[in-house]
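Chains as they are written, first to last, in full-length UniProt numbering: chain A, 1 to 339; chain B, 1 to 339.
Note sheet for the following structure.
There are 2 protein chains.
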Amino acid sequence: MRLKDLAEHLGLSQTTVSRALNGYPEVNEATRLRVAEAANTLGYRPNASAQRLATGRAGAIGLVLRGADELGPHMSEFLSGVGSYMANQEIDMLVSTVANHQEELAAYRRLAASQKVDAVILHSPTIRDERAELLMDLKIPFVLHGRTDIGRPVAWLDIDNTSALERATSHLLDLGHRRIALLNGDKGRTFAEHREMGYRAALSARGIAVDRALIGNSVFTDEVAFRIAQSMLQLRPHPTAFLAGSMMTALGVFRAIRQAGMQLGKDVSMIAHDDVFPYLNADNMYPSMSTTRSSIRQAGTRIAELIMQILAGKPQADVHELWPVELVLRESSGPPPSI
Amino acid sequence: MRLKDLAEHLGLSQTTVSRALNGYPEVNEATRLRVAEAANTLGYRPNASAQRLATGRAGAIGLVLRGADELGPHMSEFLSGVGSYMANQEIDMLVSTVANHQEELAAYRRLAASQKVDAVILHSPTIRDERAELLMDLKIPFVLHGRTDIGRPVAWLDIDNTSALERATSHLLDLGHRRIALLNGDKGRTFAEHREMGYRAALSARGIAVDRALIGNSVFTDEVAFRIAQSMLQLRPHPTAFLAGSMMTALGVFRAIRQAGMQLGKDVSMIAHDDVFPYLNADNMYPSMSTTRSSIRQAGTRIAELIMQILAGKPQADVHELWPVELVLRESSGPPPSI
């Protein structure tokens with residue numbers, strides 16, 4: 001059954017039927033329901049692929065999550081940003097969850113084969129990311145959130161993690177801290193490597209040796225951060241300052257400091273990286289939290305915009321944006337206690 | 001071009017080509033890339049709708065978010081649960097973001113028309129939810145997370161909010177509290193109405209009148225909760241206990257208590273509703289947080305499972321699950337200070 005047949009059956013124009021099926025507001029509710037019911041009863045399918053063939057577009061952007069845990073606070077904020085832009089374009093997000101790296105590669109192949117998406121957002125890259133190579137080979141347009149080096153130009157948007165950590169570390173050094181702990185993301189992830197580079201550069205500029213015991217690599221959760229900070233605070237001498245990789249990490253470090261009977265901002269300082277979660281405001285913490293700050297939601301929105309530009313013809317190789325990170329000083333960072 | 005033609009062009013069997021395009025692991029990487037490239041160059045499209053017509057399935061579940069802000073900590077935990085189940089079924093999630101209620105209704109109509117999804121997850125219902133009525137009319141299978149009363153049987157899964165709040169309130173009354181504040185969700189939302197019912201029932205059982213000044217209705221963010229709790233603590237007499245609607249709310253209340261120079265668990269008590277966020281553990285808070293506890297991620301997983309059962313033929317009217325909520329007592333709730 002074609003649109004024409006359905007329209008004739010209903011005694012309506014094809015335009016009205018098409019508008020009704022696509023939810024245009026100028027068609028009243030009763031007509032919309034009548035059209036939807038008739039389409040359903042008669043088995044009319046103005047299907048996705050017909051629309052895709054007509055427009056050349058699937059109308060969706062793909063995102064693959066490795067493990068459901070990846071949909072945590074950082075990813076959901078990022079996707080909020082993507083969603084707020086895509087909503088205006090009437091583009092959906094197709095989210096696939098997979099169990100591991102091999103399955104993730106298979107998922108991209110499926111997306112390429114099924115043509116359910118027009119482009120992909122690639123996230124959480126490693127230094128040399130195999131997924132980026134595959135997407136290039138599969139010729140699926142994509143924008144990378146973060147950076148990777150695969151020897152071919154990919155479209156990317158990243159924040160300047162190296163400079164952010166260099167500034168934060170230098171500031172703590174200026175205040176007089178010498179034992180500064182870094183609670184960083186997992187090794188191998190580009191952002192974590194960049195952050196460690198910034199931290200090392202600042203220490204090196206003052207001739208301070210890196211103490212591996214003061215570097216922790218883990219996922220960014222309150223609980224893991226608590227345990228790492230707790231054990232670091234038992235070192236003698238213990239660190240007098242922490243660089244926390246996320247606000248979740250900061251909550252755990254804060255708890256460890258309190259449990260050790262110390263006061264944040266007096267006995268121990270902290271600067272946390274703030275992705276700007278609306279429900280966890282650094283300014284409103286008590287004491288308020290010094291941060292390196294960059295909105296992950298804005299990054300999502302901008303990446304969505306860049307994807308639309310690429311679909312409109314902008315060369316992927318021309319898309320690379322490095323965003324500076326603010327250093328916002330509040331109560332949690334002060335000079336170390338005099339010994 | 002058909003699969004047969006592509007296979008002949010490549011000198012491979014149709015089975016191998018099909019497996020290569022679908023990412024099966026038994027096809028080696030080189031073959032996969034060769035097939036993908038040839039398919040791309042020759043314009044072969046084993047498209048989504050061909051697959052759908054073959055299987056009768058779109059292979060995706062729809063979810064509509066009203067405003068990108070809806071993808072906050074609660075929704076992302078819930079979707080993690082959905083995703084972890086769907087991953088095993090090789091089913092994707094199609095997430096549409098819309099700006100308002102009218103657009104949300106239009107989005108469901110579009111989903112029905114395009115047949116991009118096999119079913120929908122409906123969330124955050126109101127007492128009488130127009131969206132549930134529309135989905136019934138459109139004959140899109142759906143499971144509701146929460147409850148609504150539209151006079152027709154819908155499939156739903158909910159937690160027992162009324163009983164949870166009745167028990168938490170009764171416990172605080174047993175401890176001797178008489179001024180108990182309720183920081184609840186937005187009016188009109190079913191869960192918020194149910195929670196208020198439980199709170200009122202417990203007070204009423206002791207002959208205690210409800211004081212409207214002790215009930216706050218808002219979104220669950222740290223910042224809003226801080227402001228509401230701060231102003232409630234300025235009342236004379238101020239509440240000696242808080243029921244916080246979420247862990248985010250609890251963070252804000254905790255901050256207001258500390259800023260007022262009071263001690264949680266001694267001067268003021270709190271019981272928070274805990275959706276079990278992996279990055280914000282009630283047991284690990286300091287002091288540890290008493291909670292009414294139910295994993296929103298498990299609810300997501302179960303709803304995904306129920307959807308698959310419905311798609312396999314289970315009548316929607318048979319699907320209704322009311323989950324009990326645990327009351328977990330920790331350090332944040334104690335007797336009120338003697339006056």
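Each residue gets a CB set at the ideal place from its N, CA and C atoms; glycine is no exception.
Give me, in chain order, the residues of the same chain whose beta-carbon lies closer than 6 angstroms to that of leucine 111 of chain A; leave out the 5 immediate sequence neighbours on both sides.
Gly62 and Val117
Per-residue burial, glutamate 8 of chain A [other beta carbons within 10 Å of its own, 16 or more giving buried]:
exposed
Could you check the C-alpha separation between residue 341 of chain B and asparagine 284 of chain B for me, to the nearest Å?
Examination of residue 341 of chain B is not possible in this model, given that chain B is present from 1 through 339 alone.
Classify serine 316 of chain A: buried if its beta carbon has 16 or more other beta carbons within 10 angstroms, exposed otherwise.
One point to set straight first is that residue 316 of chain A is glutamine, not serine, in the sequence displayed. Buried.
Applying a beta-carbon distance threshold of less than 7 angstroms, which residues of chain A neighbour residue 341 of chain B?
Because residue 341 of chain B is not part of the residues shown, which for chain B are 1 to 339, the question remains open.
Figure out for me which residue from A:Ala192, A:Val253, A:Asn88 and A:Arg206 has the closest Cα to the Cα of glutamate 223 of chain A.
A:Val253
Can you find a CB in chain A that lies within less than 8 angstroms of the CB of glutamate 223 of chain B?
yes
Give a yes or no on whether 8 angstroms exceeds the smallest Cβ distance from serine 76 of chain B to chain A.
yes
If you run the structure through DSSP and keep just helix, strand and coil, what is alanine 119 of chain B?
strand
Chain A contact for aspartate 118 of chain B (CB, 8 angstroms cutoff):
no
Classification of glutamate 29 of chain A by the beta-carbon crowding that lies within 10 angstroms, buried from 16 upward
exposed
Determine the extent of the alpha helix (DSSP H) in which isoleucine 215 of chain B is found, giving its start and end residues.
Premise fails: isoleucine 215 of chain B lies in the beta strand (DSSP E), 215–217, not in any alpha helix (DSSP H).
Under 8 angstroms between the Cβ atoms of leucine 165 of chain B and threonine 249 of chain B?
no
Return no unless some Cβ of chain B is closer than 8 angstroms to the Cβ of valine 154 of chain A.
no
Are alanine 60 of chain A and aspartate 92 of chain A closer than 8 angstroms when you measure CB to CB?
yes
Under 8 angstroms by beta carbon: chain B residues contacting arginine 178 of chain A:
Within 8 angstroms Cβ-Cβ: nothing; arginine 178 of chain A doesn't reach chain B, min ~28 angstroms.
What is the rounded straight-line gap between the Cα of histidine 145 of chain A and the Cα of histidine 320 of chain A?
10 angstroms
Give every residue of the same chain whose Cβ lies closer than 8 angstroms to the Cβ of proline 237 of chain A, excluding the five residues on either side of it in the sequence, and list them in chain order.
Arg179
With 16 other Cβ atoms within 10 Å as the buried cut-off, status of glutamate 326 of chain A:
exposed
Could you tell me whether the Cβ of arginine 32 of chain B comes closer than 8 angstroms to any Cβ of chain A?
yes
If arginine 293 of chain B and valine 328 of chain B are in contact, beta carbons under 8 angstroms, what's the gap, nearest whole angstrom?
5 angstroms
Give a yes or no on whether 8 angstroms exceeds the smallest Cβ distance from proline 141 of chain A to chain B.
no
N- and C-terminal bounds of the beta strand (DSSP E) containing threonine 291 of chain A:
290–293
So, for serine 13 of chain A: in the same chain, excluding its five sequence neighbours on each side, which residues have a beta-carbon less than 8 angstroms away from its beta-carbon?
Ala7
Over the uninterrupted beta strand (DSSP E) stretch that includes asparagine 184 of chain A, give me the two end residues.
180–184
Mind pulling the chain A residues with CB within less than 9 angstroms of methionine 248 of chain B?
Tyr279 and Leu280
Among A:Leu138, A:Pro336 and A:Asn88, which has the Cα closest to the Cα of alanine 20 of chain B?
A:Leu138
Take alanine 58 of chain A as the anchor and find which of B:Gln115, B:His101 and B:Gly81 has the nearest alpha-carbon.
B:Gln115
Taking residue 341 of chain B as the query, report the chain A residues whose CB atoms sit under 7 angstroms from its CB, ordered along the chain.
For chain B, the structure presents residues 1 to 339; residue 341 of chain B sits outside this window and is missing.
Quick check: what's the CA-CA separation for serine 295 of chain B versus leucine 135 of chain A?
36 angstroms
Threonine 148 of chain A versus chain B: which residues are under 9 angstroms apart at the beta carbon?
Per Cβ cutoff of 9 angstroms: no residues; threonine 148 of chain A is ~19 angstroms from chain B at best.
With a threshold of 8 angstroms, are at least 3 pairs of Cβ atoms found where one atom belongs to the stretch 73–92 of chain A and the other to the stretch 95–107 of chain B?
yes
Members of the stretch 83–101 of chain A near chain B, C-beta cut-off 7 angstroms
Gly83, Ser84, Met86, Ala87, Asp92, Met93, Leu94, Val95, Ser96, Thr97, Val98 and Ala99
At a CB distance below 7 angstroms, what residues from the stretch 182–214 of chain A approach chain B? Give them in sequence order.
none
CA nearest to the CA of serine 333 of chain A, picked from A:Arg195, A:Tyr279, A:Asp174 and A:Ile150:
A:Asp174
In the DSSP assignment, find the alpha helix (DSSP H) that holds threonine 249 of chain A and state where it starts and stops.
247–259
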